[in-house]
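Novice:
4 protein chains.
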Amino acid sequence: MRSTFVQSSIKDTTLVAKRRAQIIQSAIYLFKQKGFHRTTTREIAEQAGFSIGTLYEYVRTKEDVLFLVYEAINDYVYEHLQAIIEKSEPSVTNIIAMIDHYFRLMDEMQEEVLILYQEIKSLPTEKRDIVLQQERDMVQLFKQAIMPLVAHTFTEKEIEVIVNNIFVQGQMWGFRRWLLQRTFTLDEYIQLQTKTILNMLHIDESHIAHRKNEEQL
Amino acid sequence: MRSTFVQSSIKDTTLVAKRRAQIIQSAIYLFKQKGFHRTTTREIAEQAGFSIGTLYEYVRTKEDVLFLVYEAINDYVYEHLQAIIEKSEPSVTNIIAMIDHYFRLMDEMQEEVLILYQEIKSLPTEKRDIVLQQERDMVQLFKQAIMPLVAHTFTEKEIEVIVNNIFVQGQMWGFRRWLLQRTFTLDEYIQLQTKTILNMLHIDESHIAHRKNEEQL
Amino acid sequence: MRSTFVQSSIKDTTLVAKRRAQIIQSAIYLFKQKGFHRTTTREIAEQAGFSIGTLYEYVRTKEDVLFLVYEAINDYVYEHLQAIIEKSEPSVTNIIAMIDHYFRLMDEMQEEVLILYQEIKSLPTEKRDIVLQQERDMVQLFKQAIMPLVAHTFTEKEIEVIVNNIFVQGQMWGFRRWLLQRTFTLDEYIQLQTKTILNMLHIDESHIAHRKNEEQL
Amino acid sequence: MRSTFVQSSIKDTTLVAKRRAQIIQSAIYLFKQKGFHRTTTREIAEQAGFSIGTLYEYVRTKEDVLFLVYEAINDYVYEHLQAIIEKSEPSVTNIIAMIDHYFRLMDEMQEEVLILYQEIKSLPTEKRDIVLQQERDMVQLFKQAIMPLVAHTFTEKEIEVIVNNIFVQGQMWGFRRWLLQRTFTLDEYIQLQTKTILNMLHIDESHIAHRKNEEQL
DNA sequence: CATGAATGAGGGTTCATTCAT
DNA sequence: TATGAATGAACCCTCATTCAT
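Protein chains in written order, with the working numbering: chain A, 3 to 219; chain B, 3 to 219; chain C, 3 to 219; chain D, 3 to 219.
See below:
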């Protein structure tokens with residue numbers, strides 16, 4: 003998904019997509035290790051396998067690279083969430099499955115989420131707004147999925163808070179790993195948080211067991 | 003609380019404490035505006051009212067400044083939490099009050115918390131560990147407060163998760179303000195999260211109303 | 003007049019002439035605005051309507067472009083001067099007319115003359131010499147025109163100096179416009195300089211009035 | 003004469019003056035050889051005998067260096083002109099002496115004047131205006147000197163033109179040296195231009211001879 | 001203890017030029 | 001002939017840190 007928010011002096015759009023994918027991949031790899039500020043554009047270009055000049059044919063500033071990274075990570079997460087959520091009917095079982103999927107996705111994306119959290123201040127305001135909108139959209143996906151089940155028990159604002167909590171609790175698995183991952187396995191964390199979330203939603207926990215049993219069959 | 007983790011070439015410990023306080027205050031002021039990387043040591047010294055040379059008499063690297071800031075913020079929050087928690091008997095009412103206090107503290111400390119979240123990668127590993135330990139200690143304060151009330155209903159791990167959630171949800175008020183503070187007032191947020199937390203803890207929500215009534219009396 | 007001093011890898015001489023005309027026109031347009039150094043070869047190619055690759059088929063370096071521009075401007079001025087001077091008999095009236103023509107030409111070519119003056123150092127020595135010779139030729143045109151009239155009153159060196167002065171005073175109208183064009187209209191400047199030049203040549207100024215009268219008839 | 007138009011982060015004004023003198027001298031030396039654009043800030047610093055970092059303590063941009071150079075050259079010329087002009091009574095003899103002095107000054111400053119002419123476009127607009135005003139002031143010096151002698155024979159605008167011509171003809175000795183200095187010695191040029199100028203001013207040339215005779219006595 | 005001038009490695013970015021298609 | 005993606009040397013400027021006074 004080529005960003006229209008970042009200008010390139012290359013005309014071949016296929017090539018732009020390809021090279022930017024390389025840039026994003028390299029940048030994420032490096033940002034994970036050293037963060038945005040400690041990574042140089044030269045390193046990104048080198049990691050991507052081309053020269054610094056070439057990098058700047060596809061991107062206008064270092065901040066553009068950061069934006070591309072944000073966009074790519076958000077897109078990836080968004081699409082996965084969407085695939086999970088939109089295909090399944092609203093039901094307690096499905097919500098549990100969704101939580102499970104989401105937390106596992108967050109586990110996989112730990113370091114990427116760290117980047118999101120830590121470098122957002124480095125984005126120019128305009129680009130930052132775009133990114134924040136993307137995150138808002140993701141939260142809305144959860145809301146869509148949960149709303150039908152609890153619309154009668156909770157006010158919209160209550161749901162809003164809960165949905166935010168779920169979203170954040172997923173991210174925290176990676177973000178506070180130095181604490182959480184010393185205490186829990188991923189499975190434990192998911193199970194505990196699921197229980198917590200169901201409590202928040204006033205839904206009987208027995209569903210968790212059911213899912214487990216189903217899996218065993 | 004003067005850090006023994008940061009070296010100074012000045013012998014007079016009172017002076018060191020005084021100068022470092024100035025450094026911390028200036029650094030926080032500037033980090034809030036521009037972040038750690040965009041703030042120069044010169045600016046910190048100038049803001050503190052002395053020369054760059056003097057700054058380096060009390061600190062060895064820029065990262066030292068960041069560490070002092072972390073320590074100071076953590077100390078501040080820790081002491082406040084401790085004051086609230088340790089003086090009151092464990093009871094649902096007191097837990098609700100504690101949550102209220104904590105969330106209001108987080109509201110007041112929004113920008114500081116942002117710094118904590120965003121710059122931790124910039125700390126050298128050794129210092130980072132110290133900081134993370136400090137945060138762990140804070141979470142333990144919550145655990146102490148809540149444990150007595152729910153020890154029989156929840157496993158230790160369940161409580162651990164919940165306590166982490168509370169801690170994080172407070173921080174998120176400032177961290178996700180672009181989203182949350184558009185939707186909720188602080189009072190609303192506290193009330194909704196309190197309800198959520200009580201649900202998580204399987205405690206009857208009626209307490210919230212009680213507290214409100216008490217306040218009105 | 004296609005330059006034989008600049009190499010091209012294209013064989014078709016008509017095409018070379020055509021493309022170079024495009025290059026020159028674009029370059030002048032851009033140099034006027036931003037000067038030689040601030041203009042990129044890419045911009046020149048783009049302005050000319052073809053790709054950067056094509057530009058380099060007709061020119062070997064950016065300095066070649068500058069040289070072509072010099073040559074083109076000089077050619078243009080030279081041809082105009084020649085047309086004026088060579089067709090008319092030497093007479094005071096004609097000299098006055100020539101001065102008038104020349105100053106108006108310089109008015110029209112202000113920005114081009116600015117380029118000539120400001121970028122000559124950017125030409126490689128060899129090309130610079132060619133350009134300077136072209137300018138010398140132009141000065142000689144004036145000398146040809148004036149010599150017959152004053153050969154008996156002035157030494158050759160005296161005439162040489164005067165002719166140079168005339169040449170320079172014309173260029174200065176554009177070059178020192180920030181000063182001159184605030185003080186004089188073009189007509190005023192021409193009239194004043196004509197008087198000055200006639201004084202230099204020891205020619206009775208009454209001719210100026212004559213010319214004016216002739217025009218009115 | 004320390005420029006108040008260029009900021010420095012050094013507080014010691016004596017030092018600023020000293021270092022800037024070094025910068026100016028080095029820059030002129032290099033600009034003479036390679037022009038402004040081909041000279042790097044590193045080279046200027048190196049030539050001045052200090053590091054690139056130090057250079058940027060006394061200057062904020064490369065354009066600042068250029069401005070300092072302009073200012074210094076203009077100051078130098080202005081002060082010399084002033085010294086010559088203001089100390090002597092208006093008389094034909096003194097005007098001739100002034101022209102002589104001015105042309106010899108221009109001979110000495112050839113390369114500096116070249117810089118003035120060629121790089122003015124590289125100054126930011128604001129600084130350019132300051133520089134142009136300085137040049138205007140210089141022209142006014144000539145006007146002051148000549149005015150008393152010819153106020154009754156010429157209109158103010160006529161004098162304005164003539165004064166400009168004198169100013170320019172002096173600069174041209176250096177600027178068009180490739181042509182003029184091949185044809186004339188400096189003494190010849192001065193003598194010829196003096197005659198020309200006196201003609202422009204309708205003053206009897208015999209004064210020139212007088213001065214020469216006086217010198218011989 | 002305090003100062004602030006000096007340092008220079010290093011970073012982001014540009015752009016003339018080349019060459020495979 | 002024409003194209004335009006790729007290259008990388010080179011440039012301007014910043015800023016953490018040092019050290020002589």
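For glycine and all other residues, C-beta sits at the position ideal for the given N, C-alpha and C.
(1) Excluding the 5 residues flanking L83 of chain C on each side, which residues of the same chain have their C-beta closer than 7 Å to its C-beta?
(2) Enumerate in chain order the residues of its own chain whose CB-to-CB distance from M202 of chain A is below 6 Å, with the five nearest sequence positions on each side excluded.
(3) At a Cβ threshold of 8 Å, is K214 of chain B touching chain A?
(4) On the three-state DSSP scale, how would you describe R213 of chain C?
(5) Does T56 of chain D get closer than 8 Å to chain C when you measure Cβ to Cβ?
(6) Tell me which residues share the same chain as R21 of chain C and place their Cβ nearer than 6 Å to its Cβ, disregarding the 5 neighbours each side in the sequence.
(7) How about the stretch 145-156 of chain A and the stretch 88-97 of chain A: do they share at least three Cβ pairs that are nearer than 8 Å?
(8) In angstroms, rounded to a whole number, what distance separates the CA positions of A50 of chain A and S11 of chain A?
(9) Compute the Euclidean distance between the alpha carbons of I98 of chain A and I199 of chain B, then round it to the nearest angstrom.
(10) Taking T155 of chain B as the reference, give the member of B:Q24, B:H204, B:A85, B:F186 with the closest Cα.
(11) So, helix, strand or coil for K13 of chain D, using DSSP?
(12) Please confirm if D206 of chain D has its CB atom under 8 Å from at least one CB of chain C.
(13) Assuming contact is defined by CB atoms lying nearer than 8 Å, are F177 of chain A and L116 of chain A in contact in what I supplied?
(14) Got a sec: is the Cβ-Cβ distance from V71 of chain C to anything in chain D below 8 Å?
(15) Per DSSP, what kind of secondary structure is G37 of chain B in: helix, strand or coil?
(16) What number of angstroms, rounded off, separates the C-alpha of K64 of chain D from the C-alpha of E113 of chain C?
(17) Within 8 Å of any Cβ in chain D, is that where the Cβ of M174 of chain C sits?
(18) When burial is assigned at 16 or more other CB atoms within 10 Å of the CB, is E216 of chain A buried or exposed?
(19) Considering only their Cβ atoms, is the gap separating M174 of chain A from K67 of chain B smaller than 8 Å?
(20) In its own chain, which residues sit with a C-beta less than 6 Å from the C-beta of I73 of chain C, not counting the 5 before and 5 after it?
(21) List, in order along the chain, the chain A residues whose C-beta lies closer than 9 Å to that of F186 of chain B?
(22) Ordered along the chain, which non-local residues of its own chain (more than five positions away) have a Cβ less than 7 Å from that of I161 of chain A?
(23) If we require 3 or more residues per run, which beta strand (DSSP E) segments fall completely within the stretch 86-165 of chain C?
(24) For K36 of chain C, which residues from the same chain have a beta carbon less than 6 Å from its beta carbon, with the 5 sequence-adjacent residues on both sides left out?
(25) To the nearest angstrom, report how far apart Q195 of chain B and Q183 of chain B are at their CA atoms.
(26) Between H39 of chain B and chain A, is the shortest Cβ-Cβ distance under 8 Å, so that the two count as touching?
(27) Assuming contact is defined by CB atoms lying nearer than 8 Å, are F33 of chain A and T41 of chain A in contact in what I supplied?
(28) Just the C-alpha distance for L17 of chain B and V8 of chain B, rounded to the nearest angstrom, thanks.
(29) So, for Y58 of chain A: in the same chain, excluding its five sequence neighbours on each side, which residues have a beta-carbon less than 7 Å away from its beta-carbon?
(30) Go ahead and pull the three-state DSSP assignment for I199 of chain D.
(31) Can you tell me which of the three DSSP states S53 of chain B falls into?
(32) With DSSP collapsed to three states, give me the class of V18 of chain B.
(33) Which first and last residues belong to the alpha helix (DSSP H) in which R184 of chain D is found?
(34) Could you tell me which chain A residues have their CB closer than 9 Å to the CB of N167 of chain B, listed as they occur along the chain?
(35) Quick one: residues in its chain with C-beta nearer than 8 Å to the C-beta of M111 of chain C, no 5 flanking neighbours on either side, listed in chain order?
Specialist: Well, looking at it:
(1) Counting from 1 along the third sequence, the entry for residue 83 of chain C is found at position 81. Counting only Cβ-Cβ distances below 7 Å, and skipping sequence neighbours, we find Y104, M140, L143.
(2) Taking the first sequence and counting its residues from 1, one reaches residue 202 of chain A at position 200. Once the five neighbours on either side are set aside, the close Cβ partners of M202 of chain A are I164.
(3) Taking the first residue of the second sequence as 1, we reach residue 214 of chain B at position 212. Confidence at K214 of chain B is low in this model, with a pLDDT of 46, below 50, so the placement of that residue is unreliable and no value is reported for it.
(4) Mapped onto the third sequence, residue 213 of chain C falls at position 211. Residue confidence is low: R213 of chain C scores 46 on pLDDT, short of 50, so the model does not pin down where it sits. No coordinate-derived value is stated.
(5) Taking the fourth sequence and counting its residues from 1, the one referred to as residue 56 of chain D is at position 54. Not an interface residue.
(6) Residue numbering aside, residue 21 of chain C sits at position 19 when the third sequence is read from its first letter. Here the set comprises Y60.
(7) yes
(8) By one-based count along the first sequence, residue 50 of chain A stands at place 48. By one-based count along the first sequence, residue 11 of chain A stands at place 9. Rounded to whole angstroms, A50 of chain A to S11 of chain A spans 18 Å at the Cα level.
(9) In the first sequence, counting from the first residue as 1, residue 98 of chain A sits at position 96. In the second sequence, counting from the first residue as 1, residue 199 of chain B sits at position 197. Cα-Cα distance, rounded: 19 Å.
(10) Reading the second sequence from its first residue, position 153 is the one you call residue 155 of chain B. Of B:Q24, B:H204, B:A85, B:F186, the residue nearest in Cα terms is B:H204.
(11) Within the fourth sequence, residue 13 of chain D is the residue found at index 11, counting from 1. Coil at K13 of chain D, not helix or strand.
(12) Counting from 1 along the fourth sequence, the entry for residue 206 of chain D is found at position 204. Chain C contact via Cβ: absent.
(13) Taking the first residue of the first sequence as position 1, residue 177 of chain A is located at position 175. Taking the first residue of the first sequence as position 1, residue 116 of chain A is located at position 114. Contact: yes.
(14) Taking the third sequence and counting its residues from 1, one reaches residue 71 of chain C at position 69. By this cut-off, V71 of chain C is not an interface position.
(15) By 1-based counting over the second sequence, the position of residue 37 of chain B is 35. Helix at G37 of chain B.
(16) Here the question's residue 64 of chain D lines up with position 62 in the fourth sequence. Here the question's residue 113 of chain C lines up with position 111 in the third sequence. In a straight line, the C-alpha of K64 of chain D is about 25 Å away from that of E113 of chain C.
(17) The count along the third sequence starts at 1 and reaches residue 174 of chain C at position 172. Yes, M174 of chain C counts as interfacial toward chain D.
(18) Here residue 216 of chain A is taken as the residue at index 214 of the first sequence, counted from 1. The pLDDT assigned to E216 of chain A is 47, lower than 50, so where the model puts this residue is not dependable; a value taken from the coordinates is nonetheless given after this. Exposed: under 16 other Cβ atoms inside 10 Å.
(19) Here residue 67 of chain B corresponds to residue number 65 of the second sequence, with the count starting at 1. Here residue 174 of chain A corresponds to residue number 172 of the first sequence, with the count starting at 1. Sequence inspection shows Val at residue 67 of chain B; the Lys mentioned does not correspond to that position. No, they are not a contact pair.
(20) On the third sequence, residue 73 of chain C is found 71 positions in, with the first residue counted as 1. Here residue 73 of chain C is Glu; the residue named in the question, Ile, does not match the sequence. Excluding positions up to five away in sequence, the list reads S5.
(21) Sequence index remark: in the second sequence, residue 186 of chain B carries index 184 (1-based). Within 9 Å Cβ-Cβ: K159, E162, V163.
(22) As a first step, residue 161 of chain A must be located in the first sequence, where it is residue number 159. Once the five neighbours on either side are set aside, the close Cβ partners of I161 of chain A are K145, I148, M149, V152.
(23) none
(24) As a position in the third sequence, residue 36 of chain C is number 34, starting the count at 1. Cβ neighbours of K36 of chain C beyond the five flanking positions: none.
(25) Walking along the second sequence from the start, residue 195 of chain B turns up at place 193. Walking along the second sequence from the start, residue 183 of chain B turns up at place 181. So the two alpha carbons sit approximately 14 Å from each other.
(26) Numbered from 1 along the second sequence, position 37 holds the residue referred to as residue 39 of chain B. Cβ-Cβ to chain A under 8 Å: yes for H39 of chain B.
(27) Position 31 of the first sequence holds residue 33 of chain A. Position 39 of the first sequence holds residue 41 of chain A. Yes, these two residues count as a Cβ contact at 8 Å.
(28) Taking the first residue of the second sequence as position 1, residue 17 of chain B is located at position 15. Taking the first residue of the second sequence as position 1, residue 8 of chain B is located at position 6. Their backbone Cα atoms lie some 15 Å apart in a straight line.
(29) Residue mapping note: residue 58 of chain A aligns to position 56 of the first sequence, counting from 1. Here the set comprises nothing.
(30) Here residue 199 of chain D corresponds to residue number 197 of the fourth sequence, with the count starting at 1. In this structure, I199 of chain D counts as helix in the three-state DSSP scheme.
(31) Taking the first residue of the second sequence as position 1, residue 53 of chain B is located at position 51. Coil, per DSSP.
(32) If you number the second sequence from 1, residue 18 of chain B lands on position 16. Of the three classes helix, strand and coil, the one that applies to V18 of chain B here is helix, per DSSP.
(33) Translated into the one-based positions of the fourth sequence, residue 184 of chain D becomes position 182. Residues 179-185.
(34) Taking the second sequence and counting its residues from 1, the one referred to as residue 167 of chain B is at position 165. N167, V170, Q171, M174, Q195, T198, listed in chain order.
(35) If you number the third sequence from 1, residue 111 of chain C lands on position 109. These residues qualify, in order along the chain: I75, Y78, V79, G176.
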